[in-house]
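Residue numbers (our numbering): 4 to 140.
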């Protein structure tokens, strides 16, 4: 859909399609992906919470050394941070996706261009920070 819309904008004499409509449809599918991605992160956070509870139980029972517990705790904390950053990225994407999903998003936008650009910039900074955190030991 996005390719068809792009072709319409680049070669309007060759493609006779409503580019705005196809972009809006594409963004509706993108919004579905964003929601599913966010739900996935919430489920991963719940799993990490269960792992943290199991780790605390193992520490109390003495079935794990302090060094092993520390290593596992750092791994869990890193995963939790990663998922929260991912949820923030999904949140930054949500309003632009809704804006671009509307039928007249180009001619009569719901959000100003500055707001959309600000949200997309915030998402990219968050993504960069998430990548840096993921590569750190």
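For glycine and all other residues, C-beta sits at the position ideal for the given N, C-alpha and C.
Between the region 37-52 and the region 81-88, the count of C-beta pairs closer than 8 Å reaches three or more; the two stretches touch.
Sixteen is the threshold: since fewer than 16 other Cβ atoms of the shown chains lie within 10 Å of the Cβ of residue 110, the residue is exposed. The closest CA to that of residue 42, considering only 91, 112 and 105, is found on 91. Taking residue 33 as the centre and dropping the five residues before and after it, the same chain places the C-beta of 100 closer than 7 Å to its C-beta, in chain order. With respect to the 7 Å criterion, residue 22 and residue 108 are not classified as neighbours on the basis of their beta carbons. Rounded to whole angstroms, the gap between the alpha carbons of residue 62 and residue 44 is 27 Å.
For residue 40 and residue 93, the gap between their C-alpha atoms comes out near 7 Å.
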